[in-house]
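Please read the structure below before turning to the comments.
Residue numbers (this note's numbering): 12 to 258.
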C-alpha cells in the first residue's frame with residue numbers, strides 16, 4: 012500500500028518585509044531588538060520550503076536574505092575602534108519594517124471600510140421641479156429675517172409686560188386671517204415687505220400668526236420670498252395658480 016502524500020501548507024506573504032514581520036510576531040520579539048541569527052535561520056528555512064514545493068522564489072526574498080546575512084556578520088565581527096560609535100547595523104532594517112507596518116495597518120483599515128461600504132447604499136438626490144427652482148427661501152430665510160429685524164430694533168430696556176399680553180390673551184390672531192390679508196395686499200401691490208407685516212402687528216400673537224401665514228403660503232407655492240440686501244420682499248409666485256390647481 013502506497014503511503015499518502017504529505018500535504019504542505021505554506022503561508023503566502025506579500026514580500027520579504029511581510030515575512031520578517033510574521034517571524035518577529037511569531038517569536039514574540041521586539042522589532043527594535045531583532046535577534047538576527049534566529050530570524051535569519053527561520054527566514055532561510057521558509058525559502059527552502061518554497062523551493063521544495065516548486066514555488067518560485069522572488070529575487071526580493073533572496074536579496075533580503077543576503078542583507079540579513081550581512082547584518083549578522085557585522086554583529087558577529089568585533090567592532091573596530093572607529094566603528095564603535097557607529098549606529099546599529101540593524102537600524103535601516105528596523106526603519107523599513109516600521110514603515111511597512113504602518114502602511115500595512117493603513118491598508119487593513121481601508122479594507123475594513125471598503126467591506127463596510129459594500130453594505131451601504133446611498134440614495135441619489137432627487138431632481139427639483141423647474142417651477143420650484145426659485146423658491147429657495149423658506150424657514151431658514153424667515154429665521155434670518157426675524158433675527159435681523161429683532162437685532163435692528165433691539166431695545167436696551169427690558170420689554171414691557173404689555174407686550175406679552177397677546178401671547179396668552181383671549182384675543183388670538185387667526186392664521187387664516189393673516190393669510191387673507193397678505194393675499195389681499197399682494198393683489199393691490201406687486202411686492203410686500205415682510206418687515207412691514209411684522210411691524211404693523213399689535214401683539215406677539217399677531218407676529219406669530221404672520222410668521223405662520225407666510226410659511227403656509229410658501230408651502231403652497233402661492234408666494235415667493237426674495238432677499239434684497241437684508242430686506243425680505245414677498246411677491247406672488249409666478250404661475251402659482253397652475254401649480255396648485257386653484258384660480
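For every residue, glycine included, the Cβ atom is placed at its ideal position computed from N, Cα and C. Everything numeric in this text was worked out from a predicted model, so none of it was measured.
Contacting residues, own chain, Cβ-Cβ under 8 Å from residue 112 (five flanking each side not counted): Only 32, 42 meet the Cβ criterion.
Pull up the distance between the alpha-carbon of residue 195 and that of residue 221, whole angstroms please. Those two C-alpha atoms are separated by around 14 Å.
With three or more C-beta pairs closer than 8 Å as the rule, is the region 49 to 63 touching the region 108 to 124? In this structure the region 108 to 124 does not touch the region 49 to 63; the number of beta carbon pairs closer than 8 Å is below three.
Checking 8 Å against the spacing of the C-beta atoms, do residue 203 and residue 244 come in under that value? Taking C-beta atoms as the reference points, residue 203 and residue 244 count as a pair closer than 8 Å.
Nearest to residue 187 by alpha carbon, out of 225, 85, 236? Distances from the CA of residue 187 to each of 225, 85, 236 were compared; the closest alpha carbon is that of 225.
Residue 110: which of 71, 184, 198, 29 sits nearest, CA to CA? Selected option, being the one with the closest Cα: 29.
Where the beta strand (DSSP E) through residue 202 begins and ends: Counting along the chain, the beta strand (DSSP E) containing residue 202 begins and ends at 202 to 204.
Candidates 102, 236, 223: closest to residue 201 by CA position: Ranking the options by Cα distance to residue 201, first place goes to 236.
Does the beta-carbon of residue 114 have 16 or more other beta-carbons within 10 angstroms, so that it is buried, or is it exposed? Taking every protein chain shown into account, the CB of residue 114 has fewer than 16 other CB atoms within 10 angstroms, so this residue is exposed.
Rounded Cβ spacing between residue 104 and residue 83 (contact assumed at less than 8 Å): Actually they do not touch by this definition, with Cβ atoms about 11 Å apart.
Just the C-alpha distance for residue 219 and residue 135, rounded to the nearest angstrom, thanks. Those two C-alpha atoms are separated by around 37 Å.
Tell me, which residues are paired with residue 130 by DSSP? BP columns for residue 130 are empty, so no partner.
Name, in chain order, the residues that DSSP records as bridge partners for residue 237. Residue 237 pairs with 244.
Inter-residue Cα distance where the pair is residue 181 and residue 213: For residue 181, the pLDDT reaches just 47, beneath the cut-off of 50, and the residue's location in the model is therefore unreliable, leaving the point undetermined.
State the Cα-Cα distance for the pair residue 25 and residue 86, rounded to the nearest angstrom. Roughly 28 Å separates the two Cα atoms.
With 16 as the cutoff for other CB atoms within 10 Å, does residue 127 come out buried or exposed? Residue 127 is exposed by the Cβ-count criterion.
Residue 45 by DSSP, collapsed to three states: which one? Residue state, collapsed to three classes: coil.
Looking only at its chain, what residues have a beta carbon closer than 7 Å to the beta carbon of residue 34, apart from the 5 residues adjacent to it on each side? So the qualifying residues of the chain are 50, 53, 54.
Which residue wins for smallest C-alpha separation from residue 75, given the options 40, 207, 37, 108? Out of 40, 207, 37, 108, 108 has the C-alpha closest to the C-alpha of residue 75.
Considering residue 26, what are the terminal residues of the alpha helix (DSSP H) in which it resides? It is not in any alpha helix (DSSP H) - residue 26 carries neither H nor E in the DSSP assignment.
Please classify residue 233: is it buried, with 16 or more other beta-carbons within 10 angstroms of its beta-carbon, or exposed? Residue 233 counts as buried, since no fewer than 16 other beta carbons sit within 10 angstroms of its beta carbon.
Cα-Cα separation between residue 73 and residue 27, rounded to whole angstroms: Computed Cα separation, rounded: 9 Å.
Once the 5 residues before and after residue 206 are set aside, which same chain residues still bring their CB inside 8 Å of it? Closer than 8 Å at the Cβ level, and outside the excluded window around residue 206, lie 156, 160, 242, 243.
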